[in-house]
Each structure stands twice: as C-alpha cells, then as structure tokens.
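Protein chains in written order, with the working numbering: chain X, 857 to 1203; chain D, 3 to 285.
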C-alpha cells in the first residue's frame, strides 16, 4: 500500500518536531527513516500509525485519507523499540491477540487462529517458544515475536521503531539480514526508524534522511551516498573529509589533482576511499604525514596530518584495501603524496 | 578452594555484623515495643470482650443496636469501596496517560484527604449540607436529609478513603508506560478491550491492594463520620461510633465485643495484604 504524507507539522510546546513534511512512499518499498536523535523520525512514524496526532497535514494510505482515523482502524502493524509484548500473556497469546480482539463477525474460530499463529511463529522460526512468557526470551527473540504479532492482523503497512536499537551487535547483524529477506517474501510496505546509517544502507531499498523536522533527502542508498543533496546528508552518511576553499587550501587541493570546478561551491567533501596515497613525492605533490592507521578488516583506515600555512594541523582520513596498504610499505611519520579522485561540492 | 572461601566468608560476616549485644538489644526493644503497643491492646480487646463469658459476648453482639451499626458499616463500605475504585482508576488513568494543564495540582489534590484531619473533613460536609450550611435551606425545603443521616456518612467516608486506590495505581502505571496499551490499539483492540485485556491484568494486584486498604479505612473511619453522623442509636451509628457510645455508657462487654469485630477485620486485612504483597512481588 502506498503512503502519502502532505504538509505534516507537529509541535511539542514551543519545539517544532516536524516542519511541513511531504513524503511519498510507493507500494512494497522497505524505507528507512534516518536521522540523528531528536530529528522527528519517531514522531513521524507515530503520526503515520495514528499514535500521535499531527497539528496539520494529511495522511493518505493507498489514496485513502486516514488522517482522522483511530489507530485501531488503520490496518497498521507497529513494532515498538522495546517490543511492548504483553507481559502477562504467553508468546502464543501475544501473537493471537490481534485476531482475538476482532469484532465477532470477522473473528476466526480458535482452530483457525491457532493454525495462523503457528504459521507466523514458524515464519519467525520461534514456534518452539509458543508457551513461554516474554520475560523468558532474549532480546532478539522478543523482537521477532513482536514482529509476528504485528503481522498477524495482516497489516497493509508495517512500521518499526528502532527495531534493532536495543540488541547487541551480532544479533543486530543477523536480524537486519533476516528482516530484508522477510520483506522480500511478504512485500508489505514497511518503514523503519533508525539513527544508524550503516543499518539504513544495509536494509532499506529507500532512505529518507531527516534533520530537525525537515526531510533533507530521499532516495536509494546509492543515490544518497553518491549524490548527497547537501552538507548535512554528506556528513551524516559515511565518513567525509571537509576542505574549505576559502581557508587557503586551494593550492594544496590543486596539487592533489582534484578538479576544482568553477562556481560550484566553496566546500569540498571527500570520501576516505576517494583518497590515494603514494610514496613518490616531488615539490608539486600535495603532502601529508602518516600519523596512525587502524585495521578495519578488509580495509585499512589511515589517519593523515596536513600542516596548514598557519602551522595548524588538519587530520585527513583515507581508506584503502589491506593489500594495497601493504604494498605501499609506509610507516608512521612518513611523508606521503595525496591524490584526491573525487569530491562533492557544497556552498 | 571451597574451604578458603568459607573462611573468608566467615571473617567477612564477622566484619559486617554488629556485636551480639547490639543485635539482641535492638531485637528486644523492637519486640517489646510491638508487644506493648500492638499485641497487648489486641489481647485486651479480646479479654474484655469475653470477660463475662461467651453468652455475654454473643448477647452483646446480637443487641439490635450493634447489629444495626454493623449493617450500616457494611452498607457504607459496600457503597464507598466500588465508587472509590472507579474514581481511583479514573484519576490514575488521567494522571499517567494524559498531559493537561493543572496535572500536578490534581496530583496534590488527591492526597488532600490524607493531609487534612478527618474531623475537618467531616466538618466540611456539615458546613456544606448542614441546616446552617450553604445548601442547608434548599435541602430542607426539598426534604433531603444528608447530615445526621446515612448519605452524610457515605459522603464523609468517600472523601476520607478517596486516595487509597489512586495512590497505589499512579506509581505502577507510570512505571509501566503506555507502550503495551498502544500495541493493543495498533492491533485493532477497542479502548474497552485494551483496558480489560491489557491494563487491568497488569495492575490487578496493586488495584486489589488499594481496594483492601480503602475497605479497611471505610469500615474503621471514626473522626469524619463522628462529625456528620449525629450518633443516633440504631440509625446513624457505625461500628466504631457504637464502640465509643457503648464504652461511655459503661457497657464494657458491648464496647469490646464490637471492637473485636473491627480487630478481626484488621487481622484479616493484614493477612490479605501480605498475600497481595507477595503476589505483587512475584507478578
């Protein structure tokens, strides 16, 4: 089901949580609402669900205006950050809840409910836990039960609030993959909130970047990474080196081989992997000193220091594959020549 | 390994424990205090009640005035406890689930009956509904009796016992948060289903505990009820008032027999209370 938000605004006291947000999400997408904490992403999710009322604006699901509709009639599955499993019910009863509270006419009989619940528990691979209580489960298991419970009512839209936020790193990695596969199988339009750009890139088919109640950019992960719309997005998605042309860096940047276009902007953002290093130094090369390096697995992150005209030191981060770094044979304190392949320019 | 640990354990225990004389001294003082101020009075009530034997005890209890006092006490509790349960849930719900101006004022107001002397509480109703009070002339014109009648007793008891349920529920509901309730709504539950299937099971032990305390106070309230009742024997005397009236008339067996019923109620309350506390900590 497609989602259309038009002119959504929300204030908490004097604080503007959302500022005229317009957003269109096509059917079947898996969308990440990404932004720093306090940017309004959870508020937006709760407004779509109907758990929060927008001050102004409309919410359309499949072209149908749902702005005034109560949360219990919106046909939405909501997964809470801390799972919100009913603590006095078993896993089975938790998942069955949405089916049992249906009005008498639509309510399936207990045998049908049981069949459906077991099918859902199979889907999340936890049927063997069906008679446990929530406090007997691990965080990852609770999250999957919460998802099964939300899916039981066959929602047209699935909303997940920081679904992996409270889990430890290894469980989080597994669940990300699992969620993406699940979405691939079920194809229900889904939105999840996260502050972790890596998570958004890994899981989502579309990313919406939010900042201070405004949408900064919407697009596919590669769009957002390769063509950031503004400085905020560029800084927020991945690491970036910032060079300011006005601060006498022009000469150094020219030497680094970076093509400086006319009148595009005064600030260059350079991704660490767009920086090349070599040991052949001459007087025309842009120089820097290797300060330190870290092993990140397949990649090596290199910390370089560049001396400015006023003797201040600027740190530059570069990244390169492991074997390439070995071939360079550079040590801490060595001078290296820096080449910049590509940059994003902002005003 | 094990033995070393045990030795260290014993030494630590010695280091952390007070000397024997302090321990036993404190225990003796505490026990003596409890015995003197809690156990002895209870014993005296029973001894005095049975001072002239079983027959006198049962005669005192089957006295029509005693029976009518018991009936009135039960009626008052029967009316006030359900009402205050509903009010208490409503107040706790409003305070923990909604944001509105004057919320902290309301929270303070709920405690008012605890901070005001019960006699003042009773006096408020006399000033409001009494024959010299604000609404007195209108009430007598319409032949409605509140003060020196059962409605006044019920009103005063309602006022005095109002905080019990709300005060039990508010901290619990604050701590629980509203996520489970929101989850229930998002799954399609109506407000009523959400309350009965999710909220109520989560607060039931605290609610029962509040109801129990409310009931104990409703049956035992003396001050506020004394002001509004008028002590009309057989009509507006509750059990606590009946105890006082009988005692003042040197009917010791009657006074202590009635008191033994109240004391029995207190003991039952204590037992139920500890069962509920145990359930709550295991819930």
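Just so it is clear, CB atoms sit at the ideal spot from N, CA and C, and this is done for glycine as well.
Can the beta-carbon of residue i be found closer than 7 Å to that of residue j?
i              : j              : result
residue 260/D  : residue 247/D  : no
residue 911/X  : residue 866/X  : yes
residue 219/D  : residue 163/D  : yes
residue 896/X  : residue 1069/X : yes
residue 985/X  : residue 947/X  : yes
residue 1098/X : residue 1073/X : no
residue 1191/X : residue 1145/X : yes
residue 1230/X : residue 189/D  : One cannot answer for residue 1230/X here, as it falls past the ends of chain X, which runs 857 to 1203.
residue 935/X  : residue 882/X  : no
residue 227/D  : residue 273/D  : no
residue 995/X  : residue 1025/X : no
residue 1121/X : residue 1040/X : no
residue 913/X  : residue 864/X  : yes
residue 1095/X : residue 1173/X : yes
residue 82/D   : residue 160/D  : yes
residue 167/D  : residue 98/D   : no
residue 182/D  : residue 200/D  : yes
residue 209/D  : residue 196/D  : no
residue 1155/X : residue 1175/X : yes
residue 1060/X : residue 886/X  : yes
residue 211/D  : residue 267/D  : no
residue 974/X  : residue 987/X  : no
residue 862/X  : residue 875/X  : no
residue 1032/X : residue 1058/X : yes
residue 1008/X : residue 957/X  : no
residue 113/D  : residue 43/D   : no
Quick one: using the 10 Å Cβ neighbour count with 16 as the cut-off for buried, is residue i buried or exposed?
i              : result
residue 930/X  : buried
residue 121/D  : exposed
residue 110/D  : exposed
residue 170/D  : buried
residue 60/D   : exposed
residue 992/X  : exposed
residue 1017/X : buried
residue 4/D    : Here residue 4/D scores only 47 on pLDDT, less than 50, and its place in the model should not be relied on; the value that follows carries that caveat. Residue 4/D should be labelled exposed.
residue 241/D  : buried
residue 280/D  : exposed
residue 106/D  : exposed
residue 932/X  : buried
residue 6/D    : The predicted position of residue 6/D is uncertain, since its pLDDT is 48 and thus under 50; a value taken from the coordinates is nonetheless stated next. Under this definition residue 6/D is an exposed residue.
residue 56/D   : exposed
residue 33/D   : exposed
residue 217/D  : buried
residue 965/X  : exposed
residue 1080/X : buried
residue 23/D   : exposed
residue 26/D   : exposed
residue 999/X  : buried
residue 909/X  : exposed
residue 262/D  : buried
residue 961/X  : exposed
- Message: Under 8 Å: do the region 230 to 237 of chain D and the region 144 to 152 of chain D share three or more Cβ pairs, one atom per stretch?
- Response: yes
- Query: Which runs of the beta strand (DSSP E) fall wholly inside the region 883 to 923 of chain X and span at least 3 residues, in chain order?
  - Reply: 886 to 890, 912 to 917
- Message: Which residues of the region 184 to 214 of chain D have a Cβ closer than 8 Å to any Cβ of chain X? Give them in chain order.
- Response: 184, 185, 186, 187, 188, 189, 190, 191, 192, 195, 199, 200, 203, 204
- Query: Are at least three pairs of beta-carbons, each pair with one atom in the region 1009 to 1022 of chain X and one in the region 900 to 908 of chain X, less than 8 Å apart?
  - Reply: yes
- Those runs of the alpha helix (DSSP H) which lie wholly inside the region 106 to 174 of chain D and span at least 4 residues: 114 to 117, 120 to 131, 138 to 143, 152 to 163
- Of all the beta strand (DSSP E) runs that stay within the bounds of the region 1003 to 1078 of chain X, which reach a length of 3 or more residues? 1013 to 1017, 1045 to 1050, 1062 to 1067, 1070 to 1075
- Please name the residues in the region 162 to 185 of chain D whose beta-carbon is closer than 7 Å to at least one beta-carbon of chain X, in chain order. 181, 182, 184, 185
- Query: Would you say the region 195 to 211 of chain D touches the region 935 to 944 of chain X, given that touching needs at least three Cβ pairs under 8 Å?
  - Reply: yes
- Message: What ranges does the alpha helix (DSSP H) occupy inside the region 937 to 988 of chain X, keeping only unbroken runs of at least 4 residues that lie completely in it?
- Response: 947 to 956, 966 to 979
- Query: Quick one: any contact between the region 133 to 140 of chain D and the region 163 to 176 of chain D, if contact means 3 or more CB pairs under 8 Å?
  - Reply: no
- Item | Stretch-stretch touch, CB-based, cutoff 8 Å, three pairs: the region 1034 to 1052 of chain X with the region 994 to 1012 of chain X | yes
- Message: Taking 8 Å as the cut-off, does the region 1125 to 1134 of chain X touch the region 1194 to 1201 of chain X (at least 3 CB pairs, one atom from each stretch)?
- Response: yes
- Message: Measuring CB atoms only, is the region 884 to 891 of chain X touching the region 1054 to 1064 of chain X, in the sense that at least three cross pairs come out at less than 8 Å?
- Response: yes
- Looking at chain D, which residues of the region 958 to 972 of chain X have a Cβ within less than 8 Å of any of its Cβ atoms? 958
- What are the residues of the region 1004 to 1015 of chain X that lie near chain D, defined by any Cβ-Cβ distance shorter than 8 Å? 1005, 1006, 1008, 1009
- Query: Is there contact here, the region 121 to 131 of chain D with the region 69 to 77 of chain D, by at least three beta-carbon pairs under 8 Å?
  - Reply: no
- Query: Are there three or more Cβ pairs, one per stretch, closer than 8 Å when the region 251 to 265 of chain D is compared with the region 50 to 70 of chain D?
  - Reply: yes
- Against chain D: residues of the region 893 to 911 of chain X by CB proximity under 9 Å: 902, 905, 906, 907
- With a floor of 4 residues, list each alpha helix (DSSP H) that falls wholly inside the region 1088 to 1135 of chain X, ordered by position along the chain. 1106 to 1111
- Whole runs of the beta strand (DSSP E) within the region 209 to 234 of chain D, excluding any shorter than 3 residues: none
- Query: In chain order, what residues of the region 910 to 934 of chain X put their CB closer than 9 Å to some CB of chain D?
  - Reply: 926, 927, 928, 929, 930, 931, 932, 933, 934
- Query: Along the region 866 to 882 of chain X, what residues have a CB closer than 7 Å to any CB found in chain D?
  - Reply: none
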